[in-house]
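Just so we're aligned, residue 7 is where the sequence shown starts under the working numbering, counting upward by one.
First comes the structure, then the notes that go with it.
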Amino acid sequence: MTGTGTLRTELKCSSGENRGVYYAETGRALIYLAQHESMEDIIKTIDHETFHHCFEVFGIADDLDEDQEEALIFALNWAEWSLP
7 MTGTGTLRTE LKCSSGENRG VYYAETGRAL IYLAQHESME DIIKTIDHET FHHCFEVFGI
67 ADDLDEDQEE ALIFALNWAE WSLP
């Protein structure tokens, strides 16, 4: 999907196994609200799935395995608190 910037985010009331899922093929993110405890928690998941999309758009996702991508997203989500 390199080069396309459209991300469609859908909020689902049904519970899924995941808190959120990103589909690179369609540029769609699903956020399962029932799996969250607060609005801040929902926003973190939206950020998380948006990072997946950004990695796809900029062609970075092909250079990272799943563990590396998840570790990078974790660091980005917590950068505000972990940087001096």
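All C-beta atoms in this analysis are idealised placements derived from N, C-alpha and C, irrespective of residue type, glycine included.
- Task: Entirely within the region 34-66 and at least 4 residues each: give me those alpha helix (DSSP H) ranges in chain order.
- Result: The region 34-66 contains these whole alpha helix (DSSP H) runs: 45-63.
- Are the region 36-46 and the region 8-26 touching by the rule of at least three beta carbon pairs closer than 8 Å? The way I'd put it, the region 36-46 does touch the region 8-26; three or more beta-carbon pairs between them come closer than 8 Å.
- Give the DSSP bridge partners of Leu17, in chain order. Assignment of beta-bridge partners to Leu17 by DSSP yields Ile37.
- In angstroms with no decimal places, state the Cα-to-Cα distance between Ala67 and Glu86. Here the C-alpha atom of Ala67 lies approximately 23 Å from the C-alpha atom of Glu86.
- Beta-carbon spacing of Thr56, Leu13 below 8 Å: Result yes, Cβ atoms of Thr56 and Leu13 sit closer than 8 Å.
- Query: Closest to His62 by CA distance: which of Tyr28, Glu46, Ala81 is it?
  - Reply: Going by the sequence as given, residue 62 is Glu instead of His. Among Tyr28, Glu46, Ala81, the Cα nearest to that of Glu62 is on Tyr28.
- Message: By DSSP's criteria, Gly26 is part of a beta bridge. Which residues make up the other side?
- Response: Bridge partners of Gly26: Ile37.
- Message: By the three-class DSSP mapping on this structure, what secondary structure does Leu78 have?
- Response: Here Leu78 sits in helix by DSSP.
- Chain-order list of residues whose beta-carbon lies under 6 Å from that of Thr51 (same chain, five-residue window excluded): Same-chain partners within the cutoff: Arg25, Gly26, Ile37.
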